[in-house]
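See structure below.
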Amino acid sequence: MRSCQMQDTITKFRDGRVTLLVATSVAEEGLDIRQCNVVIRFDLAKTVLAYIQSRGRARKPGSDYILMLERGNMSHEAFLRNARNSEETLRKEAIERTDLSHLDGTSMLSPVDISPDSMYQVESTGAVVSLNSAVGLVHFYCSQLPSDRYSILRPEFIMQKHEKPGGSTEYSCKLQLPCNAPFEKLEGPICSSIRLAQQAVCLAACKKLHEMGAFTDMLLPDRGSGEGEKTEQNDEGDPLPGTARHREFFPEGVAEILHGEWILSGRDGYQSSQFIKLYLYSVNCVNIGTSKDPFVTQLSNFALIFGNELDAEVLSTTMDLFVARTIITKASLVFRGPIEITESQLILLKSFHVRLMSIVLDVDVDPSTTPWDPAKAYLFVPVGAEKCMDLLREIDWTLVNSIVNSDAWNNPLQRARPDVYLGTNERTLGGDRREYGFGKLRHGTAFGQKAHPTYGIRGAIAEFDVVKASGLVPGRGWGHFNDYQNKGKLFMADSCWDAKDLAGMVVTAAHSGKRFYVDSICYNMNAENSFPRKEGYLGPLEYSSFADYYKQKYGVELVYKKQPLIRARGVSYCKNLLSPRFEHSEASNGEFSENLDKTYYVYLPPELCLVHPLPGSLVRGAQRLPSIMRRVESMLLAIQLKDIIGYPVPANKILEALTAASCQETFCYERAELLGDAYLKWVVSRFLFLKYPQKHEGQLTRMRQQMVSNMILYQYALNKNLQSYIQADRFAPSRWAAPGVLPVFDEETRDSEPSIFDEEFTPSSELQKNLYDDYDGDSMQEDGEIEGDSSCYRVLSSKTLADVVEALIGVYYVAGGKIATNHLMKWIGINAELDPQEIPSSKPYNIPESIIKSINFDTLEGALGIKFQNKGLLVEAITHASRPSSGVSCYQRLEFVGDAVLDHLITKHLFFTYTDLPPGRLTDLRAAAVNNENFARVAVKHKLHVHLRHGSSALETQIREFVKDVQEELSKPGFNSFGLGDCKAPKVLGDIFESIAGAIFLDSGCATSVVWKVFQPLLDPMVTPDTLPMHPVRELQERCQQQAEGLEYKASRTGNVATVEVLVDGIQIGVAQNPQKKMAQKLAARNALVVLKEKETAAKKDTEKDGEKKNGSQFTRQTLNDICLRRQWPMPQYRCINEGGPAHAKRFVYAVRVNTSDSGWTDECIGEPMPSVKKAKDSAAVLLLELLNRNYRGKPDGK
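Start counting the sequence shown at 0; every next residue gets the next number (numbering that gives the first Met the number 0).
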């Protein structure tokens, strides 16, 4: 085992990452390892000393020390007895030696006279450094200073002799520390010996370093706050706060302005005046685009009633509702004025609100028992199209009364859908959902696991008679059918209706519980017409007529088969209209209308339909209200937060900063978070740099991490209760709690439109069990939802809270500049502003004349385009730590602040230049522009590297090789790698580019505008969306993910050369070698991409040549299925031949054959290994198609 591997293993054992260590006898001593719980010695120790030393490894309390002896070996047993006796003797001797009480009063305990000049002690901790330990402590401190592989930091000692008149010699020592220490030189006192002089100056240095803050009170080098390796989880494996995996439950916030006790009107104990003053806001909807679909454009008008007057910013908010492919609805609230209503009127409006929302949200709630929460008080009311002077007359009281007082609500089918009303999971019943619904909804019984029909409803004819008797379908004894039909009447399931009055109404199918919009009455169709085929189905007819369909499917014998059928469209679930769902274009208008005719209409027998009390236009209009109120509620929270912060910033921008990308809306905080992250980093870096002039770059970096880390920002967010304002989940109406209508179950949003060509489509969502059963207040479900009223809780990752803090900083910076941002940061608790009096004066630069002459300032300043007032800053910016110290500090501190300045300025430039660029692309632009590789290439391009002051030959060689590579890149016209070249840049070159930016920032009096004026032309051409290169590793990964291919990298090292292989689906397609592993991986990925693109080009040509493509659609197993249908063959038979490979690179091989009507079974065709079952079947199907093409060429279908 190599030394580095052995040290790495020991380090892992110390840290606990490795819990079992197998070692030779060298582990007896000389290894600094942790206390062990169990020590097992396989070979007996050769000496008693070795036994005691290995025994000491098990010194943890409660540990076990196990020796393995040869059974029956008397010499081994004797040695063990001797070793144990010796151990006991040594223990007694040690105890006696530590007890020195018998020596009291003797000269042996006379105190040692230690003068104050021979030691330094910290009173607060008692830590002491003496003359003997001072030299080692100084060496240790130098080793902890920031450095790279080109610089070796150690103290230097310069001794001076001092001759005394008597002929004796004394010595003094001058200590010189590395250039990045708080001070460089210190002269010690005159001492009698060289060793004592060295110790004395080191002791003085330790004292001075502690006074300057370089040492902690424990007299150890101060590494800054947050010492330790950055990890994502704690010792128990739980994610740490601030990480994306750390998630917590938080209550959902509700704006205080929505609170109203008036919503409790009608309850016992509630006292109200004769009139209640409320505020009326109408919902204004304007359609952008056109549609031929009347169900999209014909909607009822609504208004909202609030207990308080809303902020004007809510009224100025316009929200886009994505209602159809060709239409976007612009919705907003319009203030109509205050109204005064009586308590009886309010109770009536509350009942209407509950009835309406119970249908829209599919919740079976009765107005008399619904729970009202004053924390969220508002109502939806219908209004007429005309405006009135008397605002109360705008409310459609006639419609309200007719709906609230309708007897239809007594029928459970008219309230909630069966799949929602049942409140159970049909898989636990032993039958299907409709089967349970018939018994449960109609006569209080359910077909249990042992008492259900053999095949759903088909075998339930006897049970259906009971259902029919209770009013599911009209009785068979009704006469005078022709008389009613001649009068335009239709026999419905519950009554007779005029056919002309049904258009636009909502009907409930009694046999399925589904609701439909009535489009028209088809007088040319009745139940005896042929039942339509499903699109694409060419097999034999399963049902001869509509009547036959209902008889076979449900066991229902239709009575009035001559009645015209109702042409209807299904009432879809209430959807999230805030997320873009379509690609809007005028060209798709015709396609959209055609799809409506094909997939959205069904034909229903009237005798199986119940007329719903809610008109269709009212339901369609109400389905937009949850999305509107989601945005209004979010906006009210944003306004509330703006008022708390106390700085005038547009509330819609604050809402943007509070909205996560997971909401899938038209805006999110990611762009603002990118800008805020860079600004926060710059402000904190400037603050630390100026406040702590003696801290080195490593300390400043750790201190900055403690001020801007996600864990700290997460704590700031919690302190300010930001979790109550954040919108982090995609809006799901099924989880949304309307006033008085709480959600029954919690599931993912059901945004998929059910296909109702088959009217028996059943939603695939599972029903949640009763949320309040067995709830103990602490239990949680595995899917992350709290049992109980889960609509009031949501799960947020702590990184989301940290991101929102940065996004708020970005929004305030855009809206109000530095003043607004500083106000926000103070409110959050981030103190990064210095008073002018606290800013220390710039340190004097006494640059030796020899250094001044060695630097060509005219050339360097000419390349930068600026004249420095303080030349010392420029000298420091180009001085590397490997340069022997001569009164000039290295560039590390300037690089620290310059990195933050450039990051902020470039991010700001990209943010305001590309205002419409998606957050992901903006992040890629920033990563391409702000990276050490790109900065190094810019430094070489402008010949800044020739001015670098360093003292490392290895660094000089690497810079020379890199310059040669960059010059080759620059020789290619129009080429710019933006840091993705084939040669890795020395980090030093990127560092001096940043340090020069820091020097200009300080020399200009902390003016960022001057820095940008200098660096914008240096960075030109800046990366753009068109010139943005993609990293080969990322490009290959995304390509393999799109193609469902397994990607794997295999790395090995031989000497100083790393070799990386790229395997796609287990096949090597790329390999590269480089001294650096990351560069080898990048080159290997690039080679693999070239190979894959060549294969794709060749395959495309072969495909076009063989005619396997036709009209852009490749032959697959669907083509084979169509041929079998046309020729009336059985469907093809597939079987899996092989399935293997690792989990990330699975390969499937399938075979297929078909039984032809004339020649029997075809030969089995085996396809190619593919990464998915679908592709494997397609591969086999293509081969079988080629076989059939050869055997049946020229034969007509069916022959």
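We put the CB at the ideal spot given by N, CA and C, even for glycine.
Checklist entry - Would DSSP call leucine 603 helix, strand or coil? => result DSSP, read as helix, strand or coil, puts leucine 603 in strand.
Item to check | Extent of the continuous beta strand (DSSP E) to which proline 612 belongs | outcome: Per DSSP, proline 612 is one residue of the beta strand (DSSP E) stretching across 608-614.
Item to check | Proximity below 8 Å, CB of proline 614 to CB of glycine 503 | outcome: The Cβ atoms of proline 614 and glycine 503 sit closer than 8 Å to each other.
Checklist entry - Mind checking phenylalanine 139: buried by the 16 CB within 10 Å criterion, or exposed? => result Exposed: under 16 other Cβ atoms inside 10 Å.
Next on the checklist: At the level of alpha carbons, what is the spacing between leucine 66 and serine 85?
Outcome noted: The straight-line gap separating the alpha-carbon atoms of leucine 66 and serine 85 is approximately 16 Å.
Item to check | Residue from Phe545, Gln1067, His1030, Ser626 with nearest C-alpha to glycine 1045 | outcome: Gln1067 is the residue among Phe545, Gln1067, His1030, Ser626 whose C-alpha sits nearest the C-alpha of glycine 1045.
Item to check | Neighbourhood of asparagine 855 by C-beta, 8 Å cutoff - its chain only, sequence neighbours within 5 removed | outcome: The residues are His946.
Checklist entry - Which class does leucine 371 belong to by DSSP, given the choice of helix, strand or coil? => result Note that residue 371 is tryptophan in the sequence shown, not leucine. Coil at tryptophan 371, not helix or strand.
Next on the checklist: I need the straight-line Cα distance from arginine 1085 to phenylalanine 1147, nearest angstrom please.
Outcome noted: Computed Cα separation, rounded: 27 Å.
Next on the checklist: Buried or exposed for leucine 823, going by 16 or more other Cβ atoms inside 10 Å?
Outcome noted: The residue in question, leucine 823, is buried, as its Cβ has 16 or more Cβ neighbours within 10 Å.
Checklist entry - Hey, which unbroken runs of the alpha helix (DSSP H) at 4 residues or more fall wholly within the segment 502-579? => result Counting only runs of 4 or more, we get 545-553.
Item to check | Bridge-paired residues (DSSP) for isoleucine 394 | outcome: In the DSSP output, where bridge partners are listed per residue, isoleucine 394 has Val382.
Item to check | Buried or exposed (CB count within 10 angstroms, at least 16 for buried), lysine 160 | outcome: Exposed: under 16 other Cβ atoms inside 10 Å.
Next on the checklist: Is the beta carbon of phenylalanine 351 closer than 8 Å to that of isoleucine 402?
Outcome noted: Taking 8 Å as the Cβ cut-off, isoleucine 402 and phenylalanine 351 qualify as a contacting pair.
Item to check | Nonlocal neighbours in the same chain, by C-beta distance under 7 Å from threonine 820, ignoring five residues either side | outcome: When the five nearest sequence neighbours on each side are left out, the beta carbons in the same chain lying within less than 7 Å of the beta carbon of threonine 820 are those of Tyr678, Ile808, Tyr811, Tyr812, in order along the chain.
Next on the checklist: For glutamine 1080, count the other beta carbons within 10 Å of its own beta carbon; 16 or more makes it buried, fewer makes it exposed. Which is it?
Outcome noted: So glutamine 1080 counts as buried.
Checklist entry - Would DSSP call lysine 329 helix, strand or coil? => result Note: lysine 329 maps to strand in three-state DSSP.
Next on the checklist: So for valine 37, helix, strand or coil by DSSP?
Outcome noted: Annotated three-state conformation of valine 37 is strand, per DSSP.
Checklist entry - Got a sec, what are the start and stop residues for the alpha helix (DSSP H) cysteine 1039 sits in? => result It spans 1031-1041 - the alpha helix (DSSP H) in which cysteine 1039 sits, taken as one unbroken run.
Checklist entry - Which residues bound the beta strand (DSSP E) around isoleucine 65? => result Element bounds for isoleucine 65: 63-66.
Checklist entry - Alpha carbon to alpha carbon, what distance is there between leucine 174 and valine 200? => result Between valine 200 and leucine 174, the C-alpha separation is close to 7 Å.
Item to check | Test item: CB-CB of serine 290 and threonine 325 under 8 Å | outcome: At the C-beta level, serine 290 and threonine 325 come within 8 Å of one another.
Checklist entry - Any chance the segment 877-886 sits against the segment 935-951, with 3 or more Cβ pairs inside 8 Å? => result Enough Cβ pairs lie closer than 8 Å, so yes.
Next on the checklist: Among Tyr170, Ile1165, Ala1180, whose alpha-carbon lies nearest the alpha-carbon of glutamate 186?
Outcome noted: With respect to the C-alpha of glutamate 186, the residue from Tyr170, Ile1165, Ala1180 having the closest C-alpha is Tyr170.
Item to check | Those residues which DSSP pairs with isoleucine 338 across a bridge | outcome: Paired residue(s): Leu277.
Checklist entry - Helix, strand or coil for arginine 414 per DSSP? => result Shown here, arginine 414 sits in coil according to DSSP, grouped into three states, outside any helix or strand.
Checklist entry - Apart from the five residues just before and just after histidine 903, which ones in its own chain have a Cβ nearer than 8 Å to its Cβ? => result Closer than 8 Å at Cβ, skipping near neighbours: Ala677, Tyr678, Lys680, Trp681, Thr1007.
Checklist entry - Tell me which same chain residues have a C-beta within less than 6 Å of the C-beta of serine 888, skipping the five on either side of it? => result Close CB contacts of serine 888 within its chain, under the 6 Å cut and outside five residues either way in sequence, are with Cys178, Glu875 (chain order).
Next on the checklist: Distance check for isoleucine 877 and asparagine 131, CA to CA, integer angstroms please.
Outcome noted: Asparagine 131 and isoleucine 877 have their alpha carbons spaced roughly 38 Å apart.
Checklist entry - Hey, how far is the Cα of proline 612 from the Cα of asparagine 400? => result Distance between the alpha carbons of proline 612 and asparagine 400: 11 Å.
Checklist entry - Around the Cβ of leucine 391, are there at least 16 other Cβ atoms within 10 angstroms (buried) or fewer (exposed)? => result Counting Cβ neighbours within 10 Å, leucine 391 comes out exposed, since fewer than 16 surround it.
Checklist entry - Straight-line CA distance for leucine 1027 to valine 17? => result Cα to Cα, the separation comes out at about 43 Å.
Item to check | Proximity below 8 Å, CB of glycine 828 to CB of asparagine 709 | outcome: Contact annotation: glycine 828 and asparagine 709 have beta-carbon atoms that are not nearer than 8 Å.
Checklist entry - How is the beta strand (DSSP E) around proline 250 delimited, first residue to last? => result Counting along the chain, proline 250 sits inside the beta strand (DSSP E) bounded by residues 246-250.
Checklist entry - Is the beta carbon of phenylalanine 379 sitting closer than 8 Å to the one on leucine 577? => result For phenylalanine 379 and leucine 577, no; Cβs fall outside 8 Å.
Checklist entry - For aspartate 487, which residues from the same chain have a beta carbon less than 7 Å from its beta carbon, with the 5 sequence-adjacent residues on both sides left out? => result In the sequence on display, residue 487 carries glycine and not aspartate. Answer for glycine 487: Asp497, Ala498, Lys499, listed in chain order.
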